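Order-wise, the sequence lines are chains A and B.
Going by our numbering, the first residue of the first sequence is number 3, and it counts up by one from there.
Going by our numbering, the first residue of the second sequence is number 2, and it counts up by one from there.
Even glycine gets a Cβ: it sits at the ideal position worked out from N, Cα and C.
The structure displayed is predicted, hence computed values, not measured ones.
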Amino acid sequence: MPSEPARPNLDGPSTDALIEVEHVSFGYEPGRTILNDISMRFVRGQVTAILGGSGCGKTTVLRLIGGVHPVNQGSVRFDGEAIDTRNAEQLFRLRRRLGMLFQFGALFTDLSVYENVAFPLREHTDLDDAMIRDIVLMKLNAVGLRGAANLRIAEISGGMGRRVALARAIALDPELLLYDEPFTGLDPIAMGVTANLVRKLNDALGATSLIVSHDVQECFEICDYAYIMASPGVVIAHGRPEELNASTDPQVRQFIRGEPDGPVPFHYPAPPLAQDLGLGV
Amino acid sequence: MNSLAAIGRYTLDSLRALGHHAFFFWELMRTLPTSLRRPYFAVAQVHALGNLSLLVILSSGLAVGFVLALQTYYALATYGAADSVGLVVNLSLVRELGPVVTALLFAGRAGTSLTAEIGLMKAGEQLAAMELMAVDPKSRVLAPRFLGGIVAMPVLALLFSAVGILGAYVVGVLMIGLDPGNFWSIMESGVDVRRDLGNGIIKSIVFGVICSFVAVYQGYEAKATPEGVARATTRTVVISSLTVLAMDFVLTALMFSPR
């Protein structure tokens with residue numbers, strides 16, 4: 003029987019975590035808080051999911067880990083080193099250790115499939131063309147698209163695009179893989195293929211993966227640990243998938259089961275309908 | 002008090018925008034040495050931007066040459082100086098119309114294309130993806146396009162003037178019947194290569210910097226939405242054109258004085 007995945011230690015310093023998010027608060031503009039004192043740890047070698055409804059701040063967590071924005075309070079640590087967005091040198095050094103899959107791939111539309119995957123290799127290595135070709139074909143083979151190497155981006159489907167973006171993200175064998183909504187807009191087969199690839203690539207590369215998604219079941223099938231977020235940018239639960247499935251917390255249950263009404267109300271806050279319609283109030 | 006506050010806010014906003022432009026320009030200049038180490042990206046942009054504008058530049062140059070020769074002939078013939086048509090057309094094109102009209106056409110054709118391309122790359126998260134791959138988009142995407150525009154502009158301006166002079170030759174010599182020897186020799190004796198042609202080239206380089214900078218800045222700072230890209234494209238044409246016209250006056254005042 004396989005051993006249980008390690009549980010992140012959320013109290014005190016941890017050496018098993020590649021990424022530590024410590025009491026982070028963040029807002030894009032003053033007075034509009036997106037993240038509210040959240041703490042998370044992402045254990046090396048594990049696939050961790052951040053789940054939550056739209057607008058709860060989960061993609062913002064990825065952006066903070068990538069150093070796209072500075073935190074307002076708290077800290078984000080990458081392998082023990084606090085990310086300082088003002089330090090361009092540090093930022094670029096840390097970013098070379100991560101690969102990110104964007105929600106819609108973010109492929110370079112003026113390049114072919116092959117050139118997209120070769121892009122990070124050409125930018126960051128001095129490898130000759132023959133070596134780059136071998137690596138690109140191996141990465142494309144890993145996502146099942148070796149035969150599509152010469153196609154233009156406009157010629158491939160959304161699901162294929164996501165796999166090309168995945169091949170590009172793993173081109174430099176990163177330690178950390180960030181996935182922003184990897185399953186959005188995919189048909190069931192493409193979704194299954196992508197989920198399978200996320201897990202297999204993580205294990206094959208010995209990487210640490212972080213998935214931001216609202217596809218609960220797909221994520222639970224492949225992740226070792228999960229955080230569930232809710233508005234306004236707070237973590238409402240975390241644990242292994244089976245623990246979260248068994249949770250009795252009404253908000254967690256509503257999210258996991260996709261119930262339309264519950265602690266997260268169906269209606270946006272508003273005055274009574276009768277008052278808005280001017281009926282006898 | 003409200004109007005005072007509005008003036009203060011407007012002044013602060015203008016200063017902030019100016020500072021932002023200056024900082025962006027500095028950032029772009031800082032990435033140029035890196036871009037120059039890989040000149041093939043800039044060369045590809047010279048090719049792309051040049052090709053993009055070539056047809057409109059050549060056809061406009063020819064049309065301007067035709068019209069300028071006709072109008073100049075009508076005016077000079079009154080004073081019996083019709084043989085100077087070539088000289089007047091040449092000076093007008095090389096000193097003013099070549100650099101200015103080329104810059105206006107470049108802003109409308111290549112500048113808008115640059116802004117839209119960069120804006121759509123931003124909207125498609127391609128620039129963000131590049132940043133997260135530890136690749137600086139300013140160095141990899143903006144700087145080659147900026148350089149490409151600066152190199153392409155004087156070449157296009159020279160082509161505009163050359164085709165315009167050919168147009169004037171067609172109208173003046175072939176259609177009106179001016180003496181071809183006088184047409185070329187008066188032109189040759191009246192045009193100073195350094196003063197007229199040289200200053201014209203300097204003007205077109207300055208306009209190249211303006212048009213390319215405005216185009217890449219607007220693209221990079223565009224809101225990542227369809228409306229945002231559309232507005233940025235419009236701003237590129239308006240800001241480039243007005244800045245080119247204002248700078249043309251300044252440069253003309255500095256460069257040319259009565260001999």
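The alpha helix (DSSP H) that contains residue i, what's its start and end?
i: A144 (chain A); result: 131-144
i: Y229 (chain A); result: It is not in any alpha helix (DSSP H) - Y229 (chain A) instead sits in the beta strand (DSSP E) that spans 227-232.
i: S242 (chain B); result: 227-256
i: L157 (chain B); result: 144-170
i: G160 (chain A); result: 160-171
i: V102 (chain B); result: 99-107
i: N91 (chain B); result: 86-92
i: R141 (chain B); result: R141 (chain B) -> no alpha helix (DSSP H), and no H or E assigned at all.
Note the first and the last residue of the continuous beta strand (DSSP E) segment covering residue i.
i: L38 (chain A); result: According to the sequence provided, residue 38 (chain A) is Asn. The question's Leu does not apply to it. Where N38 (chain A) is concerned, the enclosing beta strand (DSSP E) stretches over 37-45.
i: D182 (chain A); result: 178-182
i: S27 (chain A); result: 19-28
i: L212 (chain A); result: 210-215
i: T35 (chain B); result: Here T35 (chain B) belongs to no beta strand (DSSP E); instead the alpha helix (DSSP H) covers 3-38.
i: I238 (chain A); result: 236-241
i: R79 (chain A); result: 75-80
i: M134 (chain B); result: It is not in any beta strand (DSSP E) - M134 (chain B) carries neither H nor E in the DSSP assignment.
i: M102 (chain A); result: 100-103
Reducing DSSP to helix, strand and coil, say where residue i ends up.
i: A248 (chain A); result: coil
i: E126 (chain B); result: coil
i: V49 (chain A); result: strand
i: L188 (chain A); result: coil
i: A120 (chain A); result: helix
i: V215 (chain B); result: helix
i: E31 (chain A); result: strand
i: L56 (chain B); result: helix
i: L153 (chain A); result: coil
i: G57 (chain A); result: coil
i: A84 (chain A); result: strand
Taking the CB atoms as reference points, tell me whether residue i and residue j lie closer together than 8 Å.
i: A111 (chain B); j: L50 (chain B); result: yes
i: L179 (chain A); j: A209 (chain A); result: yes
i: I40 (chain A); j: V49 (chain A); result: no
i: A144 (chain B); j: L29 (chain B); result: yes
i: L66 (chain A); j: F94 (chain A); result: no
i: L212 (chain A); j: F44 (chain A); result: yes
i: G173 (chain B); j: A70 (chain B); result: yes
i: A216 (chain B); j: A223 (chain B); result: no
i: I224 (chain A); j: H240 (chain A); result: no
i: T237 (chain B); j: A108 (chain B); result: yes
i: L148 (chain B); j: L33 (chain B); result: yes
i: W185 (chain B); j: G87 (chain B); result: yes
i: A2 (chain A); j: L142 (chain A); result: Lying before the first or after the last residue shown, residue 2 (chain A) is absent from chain A, which here runs from 3 to 283.
When the cut-off is 8 Å and only beta carbons count, does residue i lie next to chain B?
i: P243 (chain A); result: no
i: P4 (chain A); result: In this prediction, P4 (chain A) scores a pLDDT of 49, lower than 50, which makes its location untrustworthy; the coordinate-derived value is nonetheless stated afterwards. Not closer than 8 Å to any Cβ of chain B, the Cβ of P4 (chain A) fails to qualify, so no.
i: M193 (chain A); result: no
i: F110 (chain A); result: yes
i: M102 (chain A); result: yes
i: P122 (chain A); result: yes
i: H71 (chain A); result: no
i: H25 (chain A); result: no
i: P271 (chain A); result: no
i: F303 (chain A); result: This structure cannot speak to residue 303 (chain A), because chain A is shown only from 3 to 283.
i: H216 (chain A); result: no
i: G163 (chain A); result: no
i: E83 (chain A); result: no
i: H126 (chain A); result: yes
Please report the Cβ distance between residue i and residue j, rounded to the nearest whole angstrom; I am assuming they are in contact, meaning their Cβ atoms lie under 8 Å.
i: I158 (chain A); j: V115 (chain A); result: 7 Å
i: T111 (chain A); j: I52 (chain A); result: Not confirmed; about 28 Å, so no contact.
i: R170 (chain A); j: N118 (chain A); result: 5 Å
i: A104 (chain B); j: F208 (chain B); result: 4 Å
i: A83 (chain B); j: L179 (chain B); result: 6 Å
i: L246 (chain A); j: A228 (chain A); result: 6 Å
i: F214 (chain B); j: F26 (chain B); result: 6 Å
i: L37 (chain A); j: V214 (chain A); result: Rounded, the Cβ-Cβ distance is 13 Å, inconsistent with contact.
i: N91 (chain B); j: V171 (chain B); result: Rounded, the Cβ-Cβ distance is 14 Å, inconsistent with contact.
i: R96 (chain B); j: G220 (chain B); result: Going by Cβ atoms, the distance from R96 (chain B) to G220 (chain B) rounds to 31 Å, so no, they are not a contact pair.
i: V156 (chain B); j: G66 (chain B); result: Rounded, the Cβ-Cβ distance is 18 Å, inconsistent with contact.
i: F257 (chain A); j: G55 (chain A); result: 7 Å
Looking at the C-beta of residue i, does it have a partner C-beta in chain A at a distance below 8 Å?
i: E126 (chain B); result: yes
i: I130 (chain B); result: For the record, residue 130 (chain B) in the displayed sequence is Ala; it is not Ile. So yes, A130 (chain B) belongs to the interface.
i: V230 (chain B); result: no
i: L33 (chain B); result: no
i: V136 (chain B); result: yes
i: L115 (chain B); result: no
i: L133 (chain B); result: yes
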